[in-house]
Amino acid sequence: MGPPGAGKGTQAKAVAEHFGVPAISTGDIFRANVNGGTPLGVEAKRYMDAGEYVPDEVTNNMVRSRIAEPDAGNGFLLDGYPRTLAQVTELDAMVEATGHQLDAVLVLTVDQDAVVGRLLKRAEIEGRADDTEDVIRRRLEVYAEETEPLIEVYAARGLVVSVDGLGEIDEVQKRIFGALDSVPQS
Ligand code: AMP
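So this is what it looks like as structure tokens:
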């Protein structure tokens, strides 16, 4: 978890590779659907372009079918999910149904100004439709309202591992592996 621009996607791939599990990014799946022009993509795009969350039911169904795929049989890393309380509840049910359990909730902390700068830079490089300044602002707001409170929910379960997300990619990666070393795996 972490605000838009915290570096979740980049770090998620490295962590997933390290543990030999797939990195499941809801944002990437939505973007692939948008690019492919699927009905899911058409629906998701309306929300994504405005910096809003795609409705829970759509997102939950997508994650449920993704984690049921064979490559997720030995575990998985979720990137960008859950983002709402309803998604937390739904994920609990999914995880229980598959016989897995959540090992850790990794939180990347960054300050707001750094994040806006990073996102504007990414907009130049990748040209993402949701990386314009207005949309970035809205995405940060939605994160603060809907997603940040979830950290407390997982902290109460003793699952939160917080890592400073500021710095070079390799540096942050080392911090993450160091922090995850102390987490027992199920
Ligand atoms: P991301 O690449 O993770 O920043 O996601 C890009 C966009 O996809 C978000 O701004 C949302 O519109 C949508 N999205 C990704 N994950 C979720 C989620 N868990 N719940 C709702 N919308 C999501």
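Take -4 as the starting number for the sequence shown in our numbering and just add one per residue. Here a beta-carbon is modelled for each residue, glycine too, at the ideal position from N, C-alpha and C.
Can you tell me whether residue i is buried or exposed? The criterion is at least 16 other CB atoms within 10 Å of its CB, across all chains shown.
i: Q82; result: buried
i: G112; result: exposed
Go ahead and pull the three-state DSSP assignment for residue i.
i: L182; result: Since the first and last residues shown for the chain are -4 and 181, residue 182 lies out of range.
i: F178; result: Reading the sequence as shown, one finds Val at residue 178 and not Phe. V178: coil per DSSP, three-state reduction.
i: V49; result: coil
At which residues does the alpha helix (DSSP H) containing residue i begin and terminate?
i: V10; result: 3 to 14
i: D74; result: D74 -> not in any alpha helix (DSSP H); beta strand (DSSP E) instead, spanning 72 to 74.
i: A18; result: First-last for A18: 18 to 20, but that is the beta strand (DSSP E), not the alpha helix (DSSP H).
i: N107; result: Note that residue 107 is Gln in the sequence shown here, rather than Asn. Its alpha helix (DSSP H) spans residues 107 to 121.
i: E128; result: 128 to 137
Tell me which residue opens and which closes the beta strand (DSSP E) that residue i is part of.
i: T104; result: 100 to 104
Quick check: residue i and residue j, are their CB atoms within less than 7 Å of each other?
i: L73; j: I19; result: yes
i: T93; j: D51; result: no
i: G(-3); j: G160; result: yes
i: V158; j: I146; result: no
i: R123; j: G46; result: no
Rank the options by C-alpha distance to the C-alpha of residue i and give the top, closest one.
i: N56; options: Y76, N69, D126, S157; result: Y76
i: F71; options: G31, Y42, A11, Y48; result: A11
i: T5; options: D87, R117, M89, Y48; result: R117
i: A150; options: A109, D108, A99, I131; result: A99
i: L97; options: L86, V105, T104; result: L86
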